[in-house]
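Step one of this worksheet: look at the structure below.
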Amino acid sequence: MTYRLSAMQRQRFLDECVVEFSRGVSVAAQRTARLLDTIDLPAINNVPGSTLTGQKLWDYETAISPPECIAQMTAGQPHSPCLTIVQGIYRELDWYQSAKSNSPYSQIVGPLCPIASEDLRLGLFLLPENTIYPNHQHSPDEVYIVLAGSGDWSLNQGIFDNKIAGNIIDIPTMTIHAMRTSAVPALMLWSWTGDDLSPDSYRFC
Numbered sequence: 532m533t534y535r536l537s538a539m540q541r542q543r544f545l546d547e548c549v550v551e552f553s554r555g556v557s558v559a560a561q562r563t564a565r566l567l568d569t570i571d572l573p574a575i576n577n578v579p580g581s582t583l584t585g586q587k588l589w590d591y592e593t594a595i596s597p598p599e600c601i602a603q604m605t606a607g608q609p610h611s612p613c614l615t616i617v618q619g620i621y622r623e624l625d626w627y628q629s630a631k632s633n634s635p636y637s638q639i640v641g642p643l644c645p646i647a648s649e650d651l652r653l654g655l656f657l658l659p660e661n662t663i664y665p666n667h668q669h670s671p672d673e674v675y676i677v678l679a680g681s682g683d684w685s686l687n688q689g690i691f692d693n694k695i696a697g698n699i700i701d702i703p704t705m706t707i708h709a710m711r712t713s714a715v716p717a718l719m720l721w722s723w724t725g726d727d728l729s730p731d732s733y734r735f736c
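Quick note: the sequence shown uses this note's numbering, first residue 532, plus one each step.
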């Protein structure tokens, strides 16, 4: 097993994620920040099947190369400390093509992940330009934080609302939601928390 993320990189990523989610006012955002803050490093996941670079949500998903558009979409732009760290580590993570959205994602915190947790899942998600992610729902409470680019979110089949870097989107359990981008992709942090972190409840509406 090759460990590509150092303990220092993991700790810096955790620390900046705590800062980002602490800005949120929802129960799920504050819960995410609290759970991240209680993770004890440098303990690592050594269970069979784990890696220190990421884990896919569905077994049939395809591993892909790190999306190089992350470097392109953030070049020359003001960076949050969290985005600066992400730029330094995203090529070292395992990325997968989502079986649900056909979009790249990496899971960094969770069961069988670089940062071990049984209480939450957290990672990076890239919604490419001119992409529609149709209405869907799932049991975990979800929080998105836009790190770069922009996109539109619709909750409960309502009108789409544009979100830009720094914005936080709260999606309570089983809320129907959709996302879309235009000419600009969106790079996000995402978290799942709640009583059921299994992806089994995920379904399109």
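Each residue gets a CB set at the ideal place from its N, CA and C atoms; glycine is no exception. On a predicted model such as this, the values are computed, not experimentally measured, just so you know.
Residue i classed as buried or exposed, judged by whether at least 16 other C-beta atoms fall within 10 angstroms
{"i": "P609", "result": "exposed"}
{"i": "P665", "result": "exposed"}
{"i": "T605", "result": "buried"}
{"i": "T712", "result": "buried"}
Where the alpha helix (DSSP H) through residue i begins and ends
{"i": "M604", "result": "600-605"}
{"i": "S553", "result": "538-553"}
{"i": "R652", "result": "Element bounds for R652: not the alpha helix (DSSP H) but the beta strand (DSSP E), 652-658."}
{"i": "T593", "result": "Looking at the DSSP string, T593 is not in any alpha helix (DSSP H); the run it does join, the beta strand (DSSP E), is 593-595."}
{"i": "L567", "result": "558-568"}
Own chain, CB closer than 7 Å to residue i, minus 5 neighbours either side, in chain order
{"i": "I595", "result": "W626, Y627, Q628, P635"}
{"i": "I570", "result": "L545, I646, S648"}
{"i": "R725", "result": "It should be noted that the sequence gives Gly, not Arg, for residue 725. So the qualifying residues of the chain are S670, P671, D672, T704."}
DSSP bridge partner residues for residue i (one or two, in chain order)
{"i": "R711", "result": "I663, D683"}
{"i": "S629", "result": "Partner(s): none; S629 has no beta bridge."}
{"i": "I699", "result": "I676"}
{"i": "D692", "result": "W684"}
When the options are compared against residue i, the one with the closest alpha-carbon
{"i": "E599", "options": "P612, Q638, A647, L657", "result": "L657"}
{"i": "S637", "options": "I699, S722, C736", "result": "S722"}
{"i": "A602", "options": "S729, L728, A717", "result": "A717"}
{"i": "V677", "options": "V640, V617, Q540", "result": "V617"}
{"i": "H708", "options": "L614, L728, R543, Y675", "result": "Y675"}
{"i": "A727", "options": "I663, D701, D650, A559", "result": "Inspection of the sequence shows that residue 727 is occupied by Asp rather than by Ala. When each option's Cα is compared against that of D727, the closest is D650."}
Endpoints, the beta strand (DSSP E) within which residue i is located
{"i": "P635", "result": "635-641"}
{"i": "L718", "result": "717-724"}
Cβ shell of residue i (< 6 Å), same chain only, five flanking positions each side left out
{"i": "M532", "result": "Caution applies to M532, whose pLDDT of 33 falls short of 50 and renders its modelled position unreliable; the value that the coordinates give is listed next. Cβ neighbours of M532 beyond the five flanking positions: none."}
{"i": "G555", "result": "I699"}
{"i": "N693", "result": "D683"}
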